[in-house]
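Trainee:
In the working numbering, the protein residues as written are 157 to 301.
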């Protein structure tokens, strides 16, 4: 009887699977960060829109107009900064997606190799079983000349 199937590169396959899992976790974290920045950006944009449509700013109080103008400038600056940060987060997400794809491809190579080796193992098992059956048949029914 043949020994059970053992894939000698199983530790490497497990390591590749772990790499893929870690890459997926990093991608998920990058997506969360991007989403968080987008929410901040939307909040700043809502505030900016509210300040542009604020009804109490049309008075003649110069101090109030200056404060309102400065507040709008601060919000505009925050918006520009957040737009840049969102773009950076998007670039990180793309990079993480590529890492996941590479890790998945590497793992897939070893999975295919394992499957090929397993099929070779099964073929050898069937060959040996056939040989044993032939030997049994030859012993039971010897050749008659």
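For each residue, glycine too, the CB sits at the ideal point set by N, CA and C. These numbers were taken from a predicted model, which means no experiment stands behind them.
Taking the beta carbon of residue 176 as the centre, do at least 16 other beta carbons fall within 10 Å, making it buried, or is it exposed?
Mentor: Within the chain shown, numbered from 1, the residue matching residue 176 stands at position 20. So residue 176 counts as buried.
Trainee: To the nearest angstrom, how far is the alpha carbon of residue 187 from that of residue 197?
Mentor: Along the chain shown, read from residue 1 onward, the residue named residue 187 stands at position 31. Along the chain shown, read from residue 1 onward, the residue named residue 197 stands at position 41. Rounded to whole angstroms, residue 187 to residue 197 spans 15 Å at the Cα level.
Trainee: Among the residues of its own chain, which have a CB less than 6 Å from the CB of residue 260, if the five just before and after it don't count?
Mentor: If you number the chain shown from 1, residue 260 lands on position 104. So the qualifying residues of the chain are 176.
Trainee: Would you call the stretch 235 to 249 in contact with the stretch 159 to 176, where contact means no fewer than 3 C-beta pairs closer than 8 Å?
Mentor: With a cut-off of 8 Å, the stretch 159 to 176 and the stretch 235 to 249 do not count as touching, because too few Cβ pairs lie within range.
Trainee: Where does the unbroken alpha helix (DSSP H) through residue 238 begin, and where does it stop?
Mentor: The sequence position of residue 238 within the chain shown is 82, counting from 1. That run of the alpha helix (DSSP H) goes 218 to 296.
Trainee: Please state whether DSSP places residue 200 in a helix, a strand or coil.
Mentor: By one-based count along the chain shown, residue 200 stands at place 44. Note: residue 200 maps to helix in three-state DSSP.
Trainee: Identify which residue in 239, 269, 266 and 164 has its Cα closest to the Cα of residue 195.
Mentor: If you number the chain shown from 1, residue 195 lands on position 39. Nearest option by C-alpha distance: 239.
Trainee: From residue 286 to residue 185, what does the alpha carbon distance come to, in whole angstroms?
Mentor: Residue numbering aside, residue 286 sits at position 130 when the chain shown is read from its first letter. Residue numbering aside, residue 185 sits at position 29 when the chain shown is read from its first letter. For residue 286 and residue 185, the distance between alpha carbons rounds to 55 Å.
Trainee: Would DSSP call residue 164 helix, strand or coil?
Mentor: Mapped onto the chain shown, residue 164 falls at position 8. Note: residue 164 maps to coil in three-state DSSP.
Trainee: Please return the same chain residues whose Cβ sits closer than 8 Å to the Cβ of residue 231, not counting the five positions on each side in sequence.
Mentor: Along the chain shown, one-based indexing puts residue 231 at 75. Correct list, in chain order: 200, 203, 204 and 207.
Trainee: Helix, strand or coil, according to DSSP, for residue 186 in the structure here?
Mentor: In the chain shown, residue 186 corresponds to position 30, counting from 1. Residue state, collapsed to three classes: helix.
Trainee: Is residue 179 buried or exposed, if buried means 16 or more other CB atoms sit within 10 Å of its CB?
Mentor: The sequence position of residue 179 within the chain shown is 23, counting from 1. That one is buried.
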